[in-house]
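Counted from 1, the sequence shown has number 76 at position 76 by the UniProt record's numbering; the numbering is strictly sequential.
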Amino acid sequence: SEEEKIATLLNKKHMFLTLKRLSKGPTTLEGLREWYNDTFPELDFKELIDTLVRKQFIFINQIGIVEKYVLLLKEVNAERIPPDSVIEYIDETPELIEPELIELLLPKVQEFFSTYENKSKKELEEDTFTLFQIVSDPKKYNVLSELRHGLIDSDKLPKLVSKTTLDHLNSSLNFLKKHDIIEELKFKNESYIFLKANIQITTAFPEYLRKSLSKESKPIKAKTKREIT
């Protein structure tokens, strides 16, 4: 899927931090090179630039004879959103889910997001990187994809995932639990796994360019005769 392709690129720390830096505004190619070589001395700067140009994430603009600037074309973000598909599943198939189970499930989702909304900018940045790692891992993504359809009986989950995922199912579930993507509920001697938070990956026009364009597009107020004189 498209979100897997994007996450596979952004799950590398050097890519993630470079795009984060470029999201603040244009920078000279030489300035970016110095920062990158200081931060990741073991990696190839040209390979990074070639990849980002090829994937159409950046544009190199030459001003004058010497100076080159790097402009971000696409700002990428990964964030948690409420598991709407799970909530819709509950609403559409009430006969399949007991009311008491719903009363256990929904407060856990609400409680998580009330805490998530108060995270610091640094915490959210670290969380974003973790979300890219989850979506880029086929085994974890397979579990996530299945749970996007609704809560699943723990005993039935092994039959729904791929063979590769099955071999690493316990470690994938433990990772997703640890990072508050999924949760397991015990109810009437049954165990259910449900999505506590869904993951959404989006690309958008960089914020600094949006602000710049909105300033340029503001109408110019014509001066009155009194103001001219």
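All residues carry an ideal CB built from backbone N, CA and C; glycine is no exception.
Residue range 169-178 is occupied by the alpha helix (DSSP H) that includes Lys177. For Ala7, the enclosing alpha helix (DSSP H) stretches over residues 2-10. The way I'd put it, the segment 35-47 doesn't touch the segment 65-73; fewer than three beta-carbon pairs between them come closer than 8 Å. Its Cα nearest to that of Asn61, the residue Thr28 stands out among Arg54, Val143, Thr28, Asp84. With a cut-off of 8 Å on Cβ pairs, the segment 170-179 is in contact with the segment 134-145, counting three or more such pairs. Burial check for Asn11: the Cβ neighbour count within 10 Å reaches 16 or more, so the residue is buried. Lys5 and Lys122 have their C-alpha atoms roughly 25 Å apart. The beta carbon of Lys108 is closer than 7 Å to those of Glu183, Lys196 in its chain, skipping five residues each way along the sequence.
For Gln133, the number of other beta carbons within 10 angstroms of its own is at least 16, and it is reported as buried.
Rounded to whole angstroms, the separation of the alpha carbons of Leu131 and Thr8 is 11 Å. Around the beta carbon of Ala204, a 10 Å sphere encloses fewer than 16 other beta carbons of the protein chains shown; the residue is thus reported as exposed. DSSP, read as helix, strand or coil, puts Asp153 in strand. Among the bridge pairs identified by DSSP, Ile181 is matched with none. Across the structure, Ser191 and Ser145 are spaced so that their CA atoms are roughly 19 Å apart. Around the C-beta of Asn142, 16 or more other C-beta atoms lie within 10 Å, and the residue is accordingly described as buried. Ranked by how close their Cα comes to the Cα of Ser114, the residues Glu3, Arg80, Glu125 have Arg80 in first place.
Inside the segment 48-75, DSSP marks whole beta strand (DSSP E) runs of 3 or more residues at positions 58-63, 67-72, from first to last along the chain.
Within a 10 Å sphere around the beta-carbon of Ile63 sit fewer than 16 other beta-carbons, which makes this residue exposed.
With 16 or more other Cβ atoms from the protein chains shown falling within 10 Å of its own Cβ, Thr18 counts as buried. Judged by their CB atoms, Pro206 and Glu75 are nearer to each other than the 8 Å cut-off.
Residues Val109, Phe113, Ala197, Asn198 of the same chain have their beta carbon placed closer than 8 Å to that of Pro82, with the five preceding and five following residues left out of the count. Collapsing the DSSP output to three states places Leu195 in a strand.
In this structure Phe45 does not touch Phe129 by the C-beta definition: roughly 21 Å separates them, more than the 8 Å allowed. Around the beta-carbon of Phe187, fewer than 16 other beta-carbon atoms lie within 10 Å, marking it exposed.
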